[in-house]
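As you go down the protein sequences, you meet chains Z and H in turn. With this note's numbering, you'll find the first sequence wraps up at 233, consecutive numbering, no jumps. With this note's numbering, you'll find the second sequence wraps up at 233, consecutive numbering, no jumps. Notes follow the structure.
Protein chains: 2
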Amino acid sequence: MTSPRKVTRIQREKREVILAAALEAFAEDGLRGATLEKIADKAGMSKPHVVYYFGSKDAIYTDLLQSLLEVWVQPLRDLSEDADPLAAILTYMRRKLRMSQEMPRESKMFATEILHGAPRMRQQLSGDLKSLVDEKAALIARWSAEGKIAKIDPHHLIFSIWAMTQHYADFDIQVEAVLGDDRKAGLYDEADAFLTEFFVRALRP
Amino acid sequence: MTSPRKVTRIQREKREVILAAALEAFAEDGLRGATLEKIADKAGMSKPHVVYYFGSKDAIYTDLLQSLLEVWVQPLRDLSEDADPLAAILTYMRRKLRMSQEMPRESKMFATEILHGAPRMRQQLSGDLKSLVDEKAALIARWSAEGKIAKIDPHHLIFSIWAMTQHYADFDIQVEAVLGDDRKAGLYDEADAFLTEFFVRALRP
DNA sequence: GTCTATAAATCGATAGAC
DNA sequence: GTCTATCGATTTATAGAC
Chain Z
29 MTSPRKVTRI QREKREVILA AALEAFAEDG LRGATLEKIA DKAGMSKPHV VYYFGSKDAI
89 YTDLLQSLLE VWVQPLRDLS EDADPLAAIL TYMRRKLRMS QEMPRESKMF ATEILHGAPR
149 MRQQLSGDLK SLVDEKAALI ARWSAEGKIA KIDPHHLIFS IWAMTQHYAD FDIQVEAVLG
209 DDRKAGLYDE ADAFLTEFFV RALRP
Chain H
29 MTSPRKVTRI QREKREVILA AALEAFAEDG LRGATLEKIA DKAGMSKPHV VYYFGSKDAI
89 YTDLLQSLLE VWVQPLRDLS EDADPLAAIL TYMRRKLRMS QEMPRESKMF ATEILHGAPR
149 MRQQLSGDLK SLVDEKAALI ARWSAEGKIA KIDPHHLIFS IWAMTQHYAD FDIQVEAVLG
209 DDRKAGLYDE ADAFLTEFFV RALRP
């Protein structure tokens, strides 16, 4: 137990370098597959040095997962009462898609964690996340009841947005292999156009 | 190099017991996370005995992946010319959903492999799978051009079916945590109803 | 704070008895 | 064919010099 002390700017920066390196490693190989050596290499420091700042590989992983969770659910948090409900849902979907495009490693890290039973997130899934989803589902259900969007199960609608947007990040290898190299550059523009049209058709009253 | 010999019934059965155990282990923990000891325990035999039948952990994994691939793409293979294109696509989507329900471990194993760069499947993704998808996409494009279904990008339509159906298997932990225990029993009936309505609205001309 | 060297644990694979 | 025992490689984490 070290006494609480001011964290210097250098300490904070070091930690951030390590977290960035670890994110890359964990996204590529998962918790078990990623080694301290690989993280240390990516961070440009020695293995014991990485441990010195976080205590253990597990601590880096857990720290990363927790700090990213808030960023990850922010678009859903921002979904709220709106004059144009359909537009609000489309905005949510588009923000999620943009996050897949810009933060594919974060998406893969969450996907791997959940896929393997979410041993470090279960509490939050059935606690904070469930509360948030229930709250937003109630909002969507109201829009649905008022005839502003189609009658549709709001929970499954949210799942479908998660599934379809994150698919482009999590399974990018497969998507790019199937589409071929020539469609790789405009991929996210295509996805945006497709999903927008898709959800408009499915959701308008 | 042993000379080719008849594989006995017992040998085949042993291999199947090991493959079943390995599927469970790999789906839970991935290739790196799953240990030979865990596979051996699940299979009810000793560690060297498992190696005796397959040579290595890697061989079990590769064998399993290859043998499951054919089963996995069969529903798409069966999508073909039909008097009612919308019904044909819905049937495909429903078969995929049923596979998620009945074969969640297979779904998770593929998901983990692709998520981590598909080192043992890349050839097939950009070869056989791309060919198959391109072929079926051409069929869907024809339906679309003939006005039998909505105008829509067929490749992304296929991705959306993969994403939404496999989401219920791959992220079951999250889905069940968010929905709560009381909705767990009827989950796949709910998903079927939601997805059917969803795709009908999105696809009808 | 940062490193080299190494301890300690885990795990895949093999040797060899039966 | 099947097992126990064990080797050898990998990997996390620590000790200790600077």
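Ideal placement from N, C-alpha and C gives every residue a C-beta, glycine not left out. Note that this is a predicted model, so its numbers are computed, not measured.
- For the segment 210-224 of chain H, the beta-carbon criterion of a distance under 9 angstroms to any beta-carbon of chain Z is satisfied by R211, E218, A219, A221, F222, L223.
- For H144 (chain H), there is no enclosing alpha helix (DSSP H), as DSSP marks it with neither H nor E.
- Three or more pairs of CB atoms, one per stretch, sit closer than 8 angstroms, so the segment 120-129 of chain Z contacts the segment 186-206 of chain Z.
- Chain Z has a Cβ within less than 7 angstroms of the Cβ of L153 (chain H).
- Taking V78 (chain Z) as reference, the option from Z:G61, Z:Q94, Z:A49, Z:D181 with the minimal CA-CA separation is Z:A49.
- For H184 (chain Z), the chain H residues whose Cβ falls inside 7 angstroms of its Cβ are E218, A219, F222, in order along the chain.
- In terms of beta-carbon proximity, A205 (chain H) lines the interface with chain Z, with at least one pair separated by less than 7 angstroms.
- The alpha helix (DSSP H) runs lying completely inside the segment 65-112 of chain Z and spanning 4 residues or more are 75-82, 85-105, given in chain order.
- Between the segment 195-208 of chain H and the segment 128-145 of chain Z there are three or more inter-stretch CB-CB distances shorter than 8 angstroms, so the stretches are counted as touching.
- Here M192 (chain Z) carries a helix assignment [DSSP, helix/strand/coil].
- Using a Cβ-Cβ cut-off of 7 angstroms, M192 (chain H) counts as an interface residue toward chain Z, since at least one Cβ of chain Z sits closer than that to its own.
- With contacts defined as CB atoms closer than 7 angstroms, L114 (chain Z) and I186 (chain Z) fail to qualify as a contacting pair.
- Non-local beta-carbon contacts of V161 (chain H) in its own chain, meaning distances under 8 angstroms to residues more than five positions away in sequence, involve L104, H183, I186 in chain order.
- Within the segment 156-232 of chain H, the complete alpha helix (DSSP H) segments of 4 residues or longer fall at 158-173, 182-198, 200-207, 215-231, listed in chain order.
- For L59 (chain Z), the enclosing alpha helix (DSSP H) has its first and last residue at 37-61.
- M131 (chain Z) sits in coil when the DSSP states are folded into three classes, being neither helix nor strand.
- Within the model, the alpha-carbon separation for S172 (chain H) versus R133 (chain H) is close to 34 angstroms.
- C-alpha of I67 (chain H) to C-alpha of E41 (chain H): approximately 16 angstroms in a straight line.
- Within the segment 90-113 of chain H, no residue has a Cβ lying closer than 7 angstroms to any Cβ of chain Z.
- At a beta-carbon threshold of 9 angstroms, the residues of chain Z lying near S188 (chain H) are S188, A191, M192, H195, F222, L223, F226, ordered along the chain.
- Among the residues of the segment 122-140 of chain H, those with a Cβ less than 8 angstroms away from any Cβ of chain Z are K136, A139, T140, in the order of the chain.
- For the pair Y89 (chain Z) and L107 (chain Z), the CB atoms are not nearer than the 7 angstroms cut-off.
- Residue-level contact check: Q39 (chain H) does not touch chain Z, since none of the beta carbons of chain Z fall below 7 angstroms from its beta carbon.
- Looking from the CA of L59 (chain H), the closest CA among H:Q39, H:I117, H:V203, H:A87 belongs to H:A87.
- Taking a C-beta distance under 7 angstroms as the contact criterion, L64 (chain Z) and K75 (chain Z) qualify as a contact pair.
- Chain-order list of chain Z residues neighbouring L167 (chain H): empty, with the shortest C-beta distance near 15 angstroms, by a criterion of under 7 angstroms.
- The Cβ of K158 (chain H) sits closer than 7 angstroms to at least one Cβ of chain Z.
- Judged by beta-carbon spacing, A219 (chain H) lies beyond the 7 angstroms limit of K136 (chain H), meaning their Cβ atoms are not closer than that value.
- When the beta-carbon positions are compared, F222 (chain Z) and D181 (chain H) come within less than 7 angstroms of each other.
- Residue contact check for F199 (chain Z) against chain H: a CB pair falls below 7 angstroms.
- With a cutoff of 7 angstroms on beta-carbon distance, K70 (chain H) and E98 (chain H) are scored as not near each other.
- Between Q194 (chain H) and S128 (chain H), the CB-CB gap stays under 7 angstroms.
- Within chain Z, no residue has its beta carbon less than 7 angstroms from that of D69 (chain H); the closest one is some 18 angstroms off.
- For D57 (chain Z), the chain H residues whose Cβ falls inside 8 angstroms of its Cβ are R60, H144, in order along the chain.
- For the C-beta of D181 (chain Z), the chain H residues within less than 7 angstroms are, from N- to C-terminus, E218, F222.
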